[in-house]
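All remarks here apply to the structure that follows.
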Amino acid sequence: MKVLIIVFMLAKQGDHKMQKIKVYNRKIASLTTLGTFAALILSLLEPLMGWVLVLCACSFCITLYKSLTYNSPLKNSVLNLLALLCISILIWLATDYGLLNTMINLLVVACCLKILNLHHTGDYQMVASIQLFLVACGLIFHQSLLNSLFYALLIILIFCVLHAIKIKETGLKTYLTHTVILLLQAIPVACLLFFVTPKLSPLWKMPVNQSTKTGLSEKMTPGDIAHLAKSDELVFRAEFTGLLPSPQQRYWRAIVLDQFDGKSWSISNINTSFGGPPTIEFQGQALDYVVIAQPTSTKWLYSLDIPVLIQDLSTQTISTNQQFQLTGRTPLYTQGLYAVKSFVEQPLNIYKGYEDLTQYLQVPSSGNPETVEFIGENINTSMTTQEKIDKLTSIFSHGDFRYTLSPPLMQSAPIDEFLFEKKVGFCSHYASALTYMLRLADVPARIVTGYQGGEVQSGNVISVHQFDAHAWVEAWDNDKGWTRIDPTAIVAPNRVLSGLLSMVQNRQEFRQQSPFSLTNLKEYAVFNQLRLLIANIDHTWDQSILSYNQERQKSILKKIFGNMKAESFSYALIGSFVIIGLFISLLFIPKRKAKASDEIKWINKLFQLFERQKIPRIENETLQQFSQRIQVRLTPQATSALGFIVKEYYEWKYTSLQQQTPFKMLKNRLYKHIVTLQSQFTNK
Amino acid sequence: MKSWTQARVDRWLDKRIPSSHAYQLDVNNTFILPTRFGWAIAGLMSCLFILGTNYQNNVILMFCYFVFSLLLLALFHSYVSFVQFHVVFRPVADCFSNQHAQLHLDLSHKENRSALHSLSNIAVFSKLYPVYEYLEDGSNMIAISPFSRGLHHVGRVSIESIFPFGLFRCWTHLTVPGQFFVFPAPSPCSLQLRRQNAKGNTGNKLGVPVTSEDLQGIRDYRDSDPIHHVSWKHFAKGQGLLSKDFSERSAISGWLHFSDYFSENVEQALSEVTFQILALSKQDANFGFSIGKQQIMPNTGMQHQQQCLEAVALYRHKQHAHAINESINNSIYASQTGRP
Numbered sequence: 003m004k005v006l007i008i009v010f011m012l013a014k015q016g017d018h019k020m021q022k023i024k025v026y027n028r029k030i031a032s033l034t035t036l037g038t039f040a041a042l043i044l045s046l047l048e049p050l051m052g053w054v055l056v057l058c059a060c061s062f063c064i065t066l067y068k069s070l071t072y073n074s075p076l077k078n079s080v081l082n083l084l085a086l087l088c089i090s091i092l093i094w095l096a097t098d099y100g101l102l103n104t105m106i107n108l109l110v111v112a113c114c115l116k117i118l119n120l121h122h123t124g125d126y127q128m129v130a131s132i133q134l135f136l137v138a139c140g141l142i143f144h145q146s147l148l149n150s151l152f153y154a155l156l157i158i159l160i161f162c163v164l165h166a167i168k169i170k171e172t173g174l175k176t177y178l179t180h181t182v183i184l185l186l187q188a189i190p191v192a193c194l195l196f197f198v199t200p201k202l203s204p205l206w207k208m209p210v211n212q213s214t215k216t217g218l219s220e221k222m223t224p225g226d227i228a229h230l231a232k233s234d235e236l237v238f239r240a241e242f243t244g245l246l247p248s249p250q251q252r253y254w255r256a257i258v259l260d261q262f263d264g265k266s267w268s269i270s271n272i273n274t275s276f277g278g279p280p281t282i283e284f285q286g287q288a289l290d291y292v293v294i295a296q297p298t299s300t301k302w303l304y305s306l307d308i309p310v311l312i313q314d315l316s317t318q319t320i321s322t323n324q325q326f327q328l329t330g331r332t333p334l335y336t337q338g339l340y341a342v343k344s345f346v347e348q349p350l351n352i353y354k355g356y357e358d359l360t361q362y363l364q365v366p367s368s369g370n371p372e373t374v375e376f377i378g379e380n381i382n383t384s385m386t387t388q389e390k391i392d393k394l395t396s397i398f399s400h401g402d403f404r405y406t407l408s409p410p411l412m413q414s415a416p417i418d419e420f421l422f423e424k425k426v427g428f429c430s431h432y433a434s435a436l437t438y439m440l441r442l443a444d445v446p447a448r449i450v451t452g453y454q455g456g457e458v459q460s461g462n463v464i465s466v467h468q469f470d471a472h473a474w475v476e477a478w479d480n481d482k483g484w485t486r487i488d489p490t491a492i493v494a495p496n497r498v499l500s501g502l503l504s505m506v507q508n509r510q511e512f513r514q515q516s517p518f519s520l521t522n523l524k525e526y527a528v529f530n531q532l533r534l535l536i537a538n539i540d541h542t543w544d545q546s547i548l549s550y551n552q553e554r555q556k557s558i559l560k561k562i563f564g565n566m567k568a569e570s571f572s573y574a575l576i577g578s579f580v581i582i583g584l585f586i587s588l589l590f591i592p593k594r595k596a597k598a599s600d601e602i603k604w605i606n607k608l609f610q611l612f613e614r615q616k617i618p619r620i621e622n623e624t625l626q627q628f629s630q631r632i633q634v635r636l637t638p639q640a641t642s643a644l645g646f647i648v649k650e651y652y653e654w655k656y657t658s659l660q661q662q663t664p665f666k667m668l669k670n671r672l673y674k675h676i677v678t679l680q681s682q683f684t685n686k
Numbered sequence: 054m055k056s057w058t059q060a061r062v063d064r065w066l067d068k069r070i071p072s073s074h075a076y077q078l079d080v081n082n083t084f085i086l087p088t089r090f091g092w093a094i095a096g097l098m099s100c101l102f103i104l105g106t107n108y109q110n111n112v113i114l115m116f117c118y119f120v121f122s123l124l125l126l127a128l129f130h131s132y133v134s135f136v137q138f139h140v141v142f143r144p145v146a147d148c149f150s151n152q153h154a155q156l157h158l159d160l161s162h163k164e165n166r167s168a169l170h171s172l173s174n175i176a177v178f179s180k181l182y183p184v185y186e187y188l189e190d191g192s193n194m195i196a197i198s199p200f201s202r203g204l205h206h207v208g209r210v211s212i213e214s215i216f217p218f219g220l221f222r223c224w225t226h227l228t229v230p231g232q233f234f235v236f237p238a239p240s241p242c243s244l245q246l247r248r249q250n251a252k253g254n255t256g257n258k259l260g261v262p263v264t265s266e267d268l269q270g271i272r273d274y275r276d277s278d279p280i281h282h283v284s285w286k287h288f289a290k291g292q293g294l295l296s297k298d299f300s301e302r303s304a305i306s307g308w309l310h311f312s313d314y315f316s317e318n319v320e321q322a323l324s325e326v327t328f329q330i331l332a333l334s335k336q337d338a339n340f341g342f343s344i345g346k347q348q349i350m351p352n353t354g355m356q357h358q359q360q361c362l363e364a365v366a367l368y369r370h371k372q373h374a375h376a377i378n379e380s381i382n383n384s385i386y387a388s389q390t391g392r393p
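Spelled out as structure tokens, the structure:
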């Protein structure tokens with residue numbers, strides 16, 4: 003207790019002083035802070051509100067001006083007032099923006115205001131802590147390898163500023179190298195801790211970001227998916243352990259839409275968890291794969307038909323339903339990994355007899371009269387389901403339909419317009435029209451949206467991007483159950499076989515709409531290789547770091563220690579502490595002695611030369627003393643040579659020459675004289 | 054209560070870090086704790102852990118462990134870079150109360166210190182004086198103020214470093230040995246000398262101003278020179294008219310009485326007396342000084358001036374008796390350490 007009081011009293015003395023003290027390297031520090039600030043804001047553009055961005059721009063300009071010229075500090079009262087105003091606006095808007103976004107905005111505002119007044123040590127330290135927190139916020143949204151590297155660079159720069167403001171002034175390069183060395187020393191310890199510290203499951207539920215709205219939506223108006231097709235963002239990667247699915251099998255189911263209002267399709271609220279057969283026996287080939295899904299705004303996950311869940315996400319459980327969908331409880335706010343087994347050859351008839359099919363015949367009571375008339379003329383009740391389907395799909399093969407990424411607007415009666423006037427559309431147009439016609443023809447049908455295709459990487463990984471978004475039709479056949487019909491495949495078979503970008507025309511459209519996408523470089527072999535390499539590295543990163551979880555940790559420890567017991571876990575922990583201790587002692591135990599420098603070696607050699615002639619050196623004698631003592635025993639040439647050596651050496655050693663010329667140059671200059679000395683000795 | 058704990062801490066520190074004129078910073082005299090910023094970063098680290106765990110975000114967790122290991126390494130770097138330093142306190146010179154006392158300390162570091170630690174900056178400060186200065190290698194003069202008239206010792210000064218990243222603060226409280234006088238600031242006034250001291254004792258056979266002359270050299274004759282200064286010896290040798298040059302020492306002598314200057318404002322009077330002591334000393338006057346009950350016999354030279362000034366500095370001082378004792382100790386210390 004006594005000691006504690008003493009320590010406390012000691013600690014209290016003086017810490018406050020540090021806050022208001024001279025800052026070194028002001029210019030470098032403030033410019034670097036400004037740079038990291040700008041980079042952070044640019045990486046966090048999405049969750050930021052407009053007015054916060056304006057504030058950022060203003061404070062950036064003001065601080066840039068201030069750091070280039072010296073100005074007196076701004077009044078704190080003004081800044082406090084501004085801060086109060088900003089905080090009240092943020093609180094007012096908090097309900098609309100969600101907790102996480104509000105917090106990020108708050109941090110950014112705090113950073114903006116604090117950066118205006120960079121004067122004391124404390125100011126820099128506060129800005130640095132806010133920036134470090136913002137880095138963490140950025141990592142919530144983006145965790146890919148590139149983003150992680152980008153944030154690592156920012157962390158280095160932030161610590162570089164913290165280092166620079168308190169050390170003696172030297173060049174920028176020195177700060178950077180010193181900071182990088184100091185930070186690099188921390189990395190081995192961090193990695194060890196990362197792999198050894200027990201992984202916990204989430205402690206409580208965190209606020210979820212509301213603004214990222216990418217991916218499929220639960221309501222589809224034909225033309226919507228075309229919007230997604232312009233994005234080359236990654237949706238998920240699937241890593242197969244065995245066979246890959248054939249291109250025709252790569253229909254990644256996400257959402258089933260069954261409610262049509264004449265224009266758009268949505269999810270009805272029918273019960274999808276009706277009873278089923280007590281045991282389901284799957285037949286045929288099964289594919290095993292692990293999906294690493296990127297964060298998305300919907301709770302729908304992706305799988306091939308018929309999915310059986312093997313491993314849940316680490317953050318939440320996944321449920322399967324009788325529409326063969328995988329759903330999480332909440333949207334995936336962070337990258338997630340789950341394992342699935344898909345029975346691709348199993349017909350979708352396992353719930354036959356249990357399922358209520360009336361919902362799948364629902365059509366709006368009015369609208370699209372031409373289509374209704376067309377069905378009345380061409381379909382009669384005596385036809386079998388398969389005949390109806392064949393009849394209706396043949397429309398697409400015989401009519402002059404065209405597939406496009408930028409379909410024209412069809413508003414009043416979209417299906418009529420599409421089928422009989424424009425005849426140009428995207429997959430959602432085809433799926434929508436066919437489902438509608440099937441329902442009119444009394445065939446239960448529904449739309450499935452999801453992704454089709456994907457790019458195969460390194461043999462067993464399929465990457466699926468937003469531009470692979472697709473919509474297809476499922477029709478109920480009493481024998482086969484739900485059968486997949488893809489009208490798009492009829493119009494544009496290449497779309498299904500080799501992907502959206504296989505068609506020249508689509509490629510051009512895609513390029514016009516997203517000119518900066520790396521995918522544009524696909525045509526050039528070298529760039530394509532490079533692109534695939536980057537994708538591979540990215541996938542390895544996802545696999546090894548992002549999806550490192552409790553199970554992985556256990557299996558790694560298992561590999562090292564054999565069977566898992568509580569003991570071996572504690573051994574692992576103790577072992578890692580020992581390793582950390584060793585590492586630190588390695589860094590800090592003082593080095594015995596600096597390696598004998600060139601100079602000392604040279605002098606010793608010189609003395610040895612004399613020693614061989616039986617002229618030993620007396621202990622602690624300097625070169626000068628030595629040369630004066632032995633002069634009498636040398637030939638005149640040797641004396642002059644030695645005299646020259648001594649003179650040159652002392653001139654170099656004890657004047658500013660030492661800084662200007664390296665020892666090597668002196669050595670070279672004196673070499674001639676040493677040779678003279680040697681020759682004198684041999685002559686003797 | 055506070056002063057009681059403070060006193061305890063001081064006593065503990067005195068035992069822990071005994072006063073010395075040279076200190077090698079090491080494990081015995083170094084304290085280390087996180088700075089406020091260090092605590093903030095530790096807080097950030099726990100936030101990162103919660104964030105990383107709740108979002109199951111391994112990159113954030115990695116960031117968290119990175120911050121942890123950085124804190125751990127910073128602790129060692131902070132300590133190791135701090136104990137490289139060696140501090141030597143030079144005696145503090147006496148000064149006048151209108152000047153700053155100069156704390157004189159020499160800073161050096163171990164030869165084999167790592168290049169990483171070569172940029173470490175250490176600063177000296179004290180809670181007694183408003184001073185915070187970064188130290189350079191070699192000799193450092195740090196102005197400390199304010200001091201009133203009297204005999205002082207600097208007390209304890211602190212040396213600290215927050216070297217890598219400002220996460221940890223290494224510090225030590227070192228006692229500066231020795232004492233120094235602060236004399237009143239000189240204040241000009243007219244000279245009042247008496248022939249005798251208060252007891253009627255002149256202390257000097259010559260109570261009146263006398264002129265004594267010392268031969269300084271030979272120079273060319275000037276018209277104003279008295280004829281008896283001409284060096285006839287040189288003239289006889291045919292070297293022309295040369296004058297013997299005498300330095301004129303109008304040696305004033307007498308007794309300086311503090312009572313002559315005494316007024317309502319004692320400090321002002323002391324300042325005036327100080328001025329006179331300096332002035333008389335400069336003129337090389339042979340004077341005695343009487344202040345209060347203390348009599349200083351007439352003499353000349355720097356030592357005499359010092360004696361008089363010390364008497365002024367200690368006049369009616371609270372710690373008068375104590376200070377004189379200290380002064381004796383001080384001179385013993387000075388003789389031990391070779392202080393002039």
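These protein sequence lines are chains A and B, in that order.
To convert a position in the first sequence, counted from 1, into the numbering used here, add 2.
To convert a position in the second sequence, counted from 1, into the numbering used here, add 53.
Note that the Cβ used here is the ideal one computed from N, Cα and C, for glycine as well.
Note to self: Quick check: what's the CA-CA separation for Ser570 of chain A versus Val580 of chain A?
What the structure shows: For the pair Ser570 of chain A and Val580 of chain A, the Cα-to-Cα distance works out to about 15 Å.
- Message: What does the alpha-carbon distance come out to for the pair Ile547 of chain A and Gln337 of chain A?
- Response: 11 Å
> Under a three-way DSSP split, which group does Leu202 of chain A fall into?
Replying inline: For Leu202 of chain A, the three-state secondary structure derived from DSSP is coil.
| Exposed or buried, which one is Met20 of chain A when buried takes at least 16 other CB atoms within 10 Å? | Its pLDDT being 49, under 50, Met20 of chain A is placed unreliably by the model, and the measurement read from it follows with that caveat. By the neighbour-count rule (16 or more Cβ atoms within 10 Å), Met20 of chain A is buried.
inquiry  = Mapping the DSSP letters down to three states, classify Gln364 of chain A as helix, strand or coil.
reply    = coil
Is DSSP giving Ser321 of chain A helix, strand or coil here? strand
Straight-line gap, Ile294 of chain A to Asn111 of chain B (C-alpha atoms, nearest Å): 14 Å
Residues of the stretch 344-374 of chain B with a CB closer than 8 Å to any CB of chain A: list them in chain order, please. none
Considering only residues of the stretch 366-428 of chain A, which uninterrupted alpha helix (DSSP H) runs meet the minimum length of 4 residues and lie entirely inside it, listed in chain order? 371-380 and 387-400
Buried or exposed for Ser213 of chain A, going by 16 or more other Cβ atoms inside 10 Å? In this predicted model, Ser213 of chain A has a pLDDT of only 44, less than 50, meaning its place in the structure is not dependable enough to derive any value.
* To do: Count the other C-beta atoms from every protein chain shown that fall within 10 angstroms of the C-beta of Phe149 of chain B, then say buried if there are 16 or more, exposed otherwise.
  => buried
Exercise. From the beta carbon of Val140 of chain B, is the nearest beta carbon of chain A less than 8 Å away?
Worked result: Closer than 8 Å: no.
Could you work out which residues of chain B lie near Pro204 of chain A, taking near to mean beta carbons separated by less than 9 Å?
-> Thr106, Asn107, Tyr108 and Gln109
Just the C-alpha distance for Ser173 of chain B and Cys162 of chain A, rounded to the nearest angstrom, thanks. Cα to Cα, Ser173 of chain B sits roughly 14 Å from Cys162 of chain A.
If you compare alpha carbons, which of B:Thr228, B:Gln232 and B:Ser343 is closest to Asp147 of chain B? B:Gln232
Notebook entry, point to check: When you compare each of A:Leu148, A:Val80, A:Ile167 and A:Leu636 to Gly124 of chain A by their alpha carbons, which one comes out closest?
Noted result: A:Ile167
* Output the distance between the C-alpha atoms of Thr264 of chain B and Ser211 of chain B, rounded to the nearest integer angstrom. => Because Thr264 of chain B sits at a pLDDT of 43, beneath the cut-off of 50, its placement in the model cannot be relied upon, and the following sentence gives the value as read from the coordinates. About 54 Å.
### Message
Considering just the uninterrupted stretch of the beta strand (DSSP E) at Glu213 of chain B, what are its terminal residues?
### Response
Gly208 to Ser214
| request: Using a threshold of 8 Å, state whether the C-beta atoms of Phe119 of chain B and Ala192 of chain A are closer than that. | output: yes
inquiry  = Quick check: the Cα distance between Gly37 of chain A and Gly100 of chain A, rounded to an integer number of angstroms?
reply    = 28 Å
Q | CB contact below 8 Å: Pro71 of chain B versus chain A | A | No, Pro71 of chain B does not count as interfacial toward chain A.
Given Gln680 of chain A, which residues of its chain have a CB within under 8 Å of its CB, disregarding the five upstream and five downstream residues?
Leu611
For this session: Would you tell me roughly how many angstroms separate the C-alpha atoms of Glu235 of chain A and Leu164 of chain A, rounded to the nearest one?
Result: 36 Å
Burial state of Glu325 of chain B (16 or more Cβ within 10 Å): Burial call: buried.
- prompt: By how many angstroms is the C-alpha of Lys265 of chain A removed from the C-alpha of Phe196 of chain A?
  reply: Here the C-alpha atom of Phe196 of chain A lies approximately 52 Å from the C-alpha atom of Lys265 of chain A.
Exercise for review: Given a cut-off of 8 Å, decide if Leu78 of chain B and Thr225 of chain B are closer than it, judged by their beta-carbon atoms.
Suggested key: yes
Going by beta-carbon coordinates alone, are Phe328 of chain B and Ala364 of chain B separated by less than 8 Å? no
**Asked** Which residues, in chain order, does the stretch 115-126 of chain B contribute to contact with chain A at a C-beta distance below 7 Å?
**Response** Across the stretch 115-126 of chain B, CB contacts with chain A closer than 7 Å involve Met115, Phe116, Tyr118, Phe119, Phe121, Ser122, Leu123, Leu125 and Leu126, in sequence order along the chain.
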